Amino acid sequence: MSKIIEKLKYNIEDFGKTQIFLPDATRGAVRFVTTEQLKSTQTKGVVINTLHLLINIGPEKIMELGGMHRFMNWDGYILSDSGGFQVFSLLHSKKWQGKVDKDGATFRAPIDGTVHRLTPESSIDIQIALDSDVLVVLDDCRSADVTRSDAELSVDRTLQWAYRAKNHFEKKYGGFAKTKKLISAVVQGGSYDDLRIKCAQELVKIGFDGYNFGGFVVDEKGELVKDQLNVVAENTPADRFKYAMGIGKPEDILEAYRLGYNVFDTVLVTRNARHGTLYSFDKEDENYALRIKNSRYNKDLSPIDSTCDCDACKNYSRAYFHNMLKSNEASAVSLMSVHNLRFYQRWIEKISEMEMKA
RNA sequence: GCAGGGGUGGCAGAGCGGUCAAAUGCACCAGACUGUAAAUCUGGCGUCCUUGUGACUACACAGGUCCAAAUCCUGUCCCCUGCA
450 MSKIIEKLKY NIEDFGKTQI FLPDATRGAV RFVTTEQLKS TQTKGVVINT LHLLINIGPE
510 KIMELGGMHR FMNWDGYILS DSGGFQVFSL LHSKKWQGKV DKDGATFRAP IDGTVHRLTP
570 ESSIDIQIAL DSDVLVVLDD CRSADVTRSD AELSVDRTLQ WAYRAKNHFE KKYGGFAKTK
630 KLISAVVQGG SYDDLRIKCA QELVKIGFDG YNFGGFVVDE KGELVKDQLN VVAENTPADR
690 FKYAMGIGKP EDILEAYRLG YNVFDTVLVT RNARHGTLYS FDKEDENYAL RIKNSRYNKD
750 LSPIDSTCDC DACKNYSRAY FHNMLKSNEA SAVSLMSVHN LRFYQRWIEK ISEMEMKA
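Whatever position you read off the first sequence (first residue = 1), add 449 for the numbering used here.
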């Protein structure tokens, strides 16, 4: 490798001071997108996942290889998710074998049958080994329709785990002073406002660099859970970043931004690219969605977005992507991913000026 | 020429007397996706309408048998495989 990155391009203390959108590079790559392409979209940071890296590559190996920055040659921010969401979605839904208990989760990885244990402490250890810049403590995430008693249990565990994780980070690693890493906690509580408030306030007492809205961010109708987002935003300090985990559609990011959130990630940006939903400011409806597979684009020689400066828009037409996606061409999927990533970066820059007008 | 096999919806390919407007896959049309087990998943896909245990037209073509035929019989036209 000719250009190995040596240090973070940005100041870690600036993270979350202004709004930032981080695409998901779950296993160390944004799907279908190279690190060089990612840089071309002016993306400043990515989200990696503790659980996926634990079972796929392994934190020891990543550490041996010099950490994720060096491994993926990425000098932007890296935020590592704790694996809490995966514990929920895969274990609570019984898609994976395993169980959650008061100290964490034990599960069997379907890839090779290895049994893993994820605890508040081990999650931090893994994230440190990965050399992430922004850590997320392990949380007990539940479904949107969680019962009151389960939500209470989820909040209690999330608080205990947050305390243990923070303590572990400080005692074992020396906290921010030694690591130059930020640590954030996740607010649970389902749809119960009082539990959300309690969870937020208790986490603030422990003290974190950022507070993340956890759980499900849309209801069964696909509507953003604005009331809960608002309650959490109101009960966390203004001088710390607020991370709306998993949000989301462009209009949802705007809503969350208005409520005070400034850190965002979503799988939609690249998943939609793969599935044929592209974003374009040429579309005047509020969600900017352009479904490239629709037959109307079969012979459309205009770019995806006439205002976009990405490689896809500068060099190729809607007709090209329509036909390439139908033929399952990977390079086109890659370019469409680049386009959507660029759209999100432009969108995240644009929302503050939109907010000033509004 | 003789012997055998076959012609089914845009394509490939099931079905071989009734429950067949016809499995399945592909293609096509539309939709979904929100801290990624997702290059995935869901619908639709003969025509018509009053959208229904609805009407009509359909399984190479033309006849026939039967209460009933994509399925059985006869003829015609194509296609494939062996042998001359």
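The beta carbon of each residue, even a glycine, is placed where N, CA and C say it ideally should be.
Note that the structure is a prediction, hence the values are computed from the model and not measured.
Residue i, buried or exposed, once every other Cβ within 10 Å from all chains shown has been counted against 16
i, result
"R613", "buried"
"V564", "exposed"
"L514", "exposed"
"I859", "Because the chain in this structure spans residues 450 to 807, residue 859 falls outside the shown range and cannot be described."
"K493", "buried"
"E683", "exposed"
"P686", "exposed"
"T756", "exposed"
"D658", "buried"
"K721", "The amino acid at residue 721 is misidentified as Lys; the sequence shows Asn. Flag for N721 reads buried."
"T816", "Since the first residue shown for the chain is 450 and the last is 807, residue 816 is missing from the structure and cannot be characterised."
"S531", "buried"
"K458", "exposed"
"A578", "buried"
"A626", "exposed"
"M517", "buried"
Supposed close pair residue i, residue j - CB separation, criterion 8 Å
i, j, result
"V586", "A649", "About 14 Å; that fails the 8 Å criterion."
"M694", "D714", "7 Å"
"V674", "G697", "In fact, because the Cβ distance is near 11 Å, the residues do not count as touching under 8 Å."
"I819", "L631", "The structure shown does not extend to residue 819, since the chain is modelled only from 450 to 807, so the question has no answer here."
"L784", "S766", "No, L784 and S766 are not in contact; Cβ-Cβ is about 12 Å, not under 8 Å."
"I469", "W523", "15 Å between Cβ atoms; not a contact."
"V583", "F464", "6 Å"
"G709", "K691", "6 Å"
"L608", "L652", "7 Å"
"W610", "D580", "Actually they are not in contact, since the Cβ atoms of W610 and D580 sit about 22 Å apart, beyond 8 Å."
"F520", "I527", "With 8 Å as the limit, F520 and I527 do not qualify as a contact, their Cβ atoms being about 10 Å apart."
"S529", "I506", "Incorrect: roughly 13 Å between the Cβ atoms, too far for contact."
"K774", "A781", "This sequence places Leu at residue 774; Lys is not what is there. Contact holds; Cβ gap of about 6 Å."
Residue i: first and last residue of the uninterrupted alpha helix (DSSP H) it sits in
i, result
"L539", "Looking at the DSSP string, L539 is not in any alpha helix (DSSP H), and its letter there is neither H nor E."
"G624", "624-628"
"S640", "Unbroken run through S640: none, as it is neither H nor E."
"G516", "516-520"
"T719", "717-724"
"S633", "Where S633 is concerned, there is no enclosing alpha helix (DSSP H), although the beta strand (DSSP E) it sits in stretches over 631-636."
"L703", "699-707"
"A761", "760-764"
"L579", "569-579"
"L587", "Segment: none, L587 is in no alpha helix (DSSP H) and carries neither H nor E."
"K548", "K548 -> not in any alpha helix (DSSP H); beta strand (DSSP E) instead, spanning 547-550."
"P508", "508-513"
"E733", "Per DSSP, E733 belongs to no alpha helix (DSSP H) and is neither H nor E."
Limits of the beta strand (DSSP E) - the one that residue i falls within
i, result
"S529", "526-530"
"K691", "690-693"
"A682", "From DSSP, A682 is part of no beta strand (DSSP E) but of the alpha helix (DSSP H) over 675-683."
"T555", "553-557"
"R767", "Careful: R767 lies outside any beta strand (DSSP E), inside the alpha helix (DSSP H) at 767-775."
"N498", "494-498"
"N661", "659-662"
"A738", "738-740"
If you pair each beta-carbon of the segment 784-797 with each one of the segment 480-491, do three or more pairs fall below 8 Å? Yes, since at least three Cβ pairs between the segment 784-797 and the segment 480-491 fall closer than 8 Å, the two stretches touch.
Hey, is the segment 739-750 in contact with the segment 493-513, meaning 3+ C-beta pairs nearer than 8 Å? no
If contact is defined by three or more beta carbon pairs under 8 Å, each pair taking one atom from either stretch, is the segment 624-640 in contact with the segment 593-602? As far as the Cβ criterion goes, the segment 593-602 touches the segment 624-640, which means the pair count is three or higher.
Is the segment 537-555 in contact with the segment 615-628, if contact means three or more CB pairs nearer than 8 Å? no
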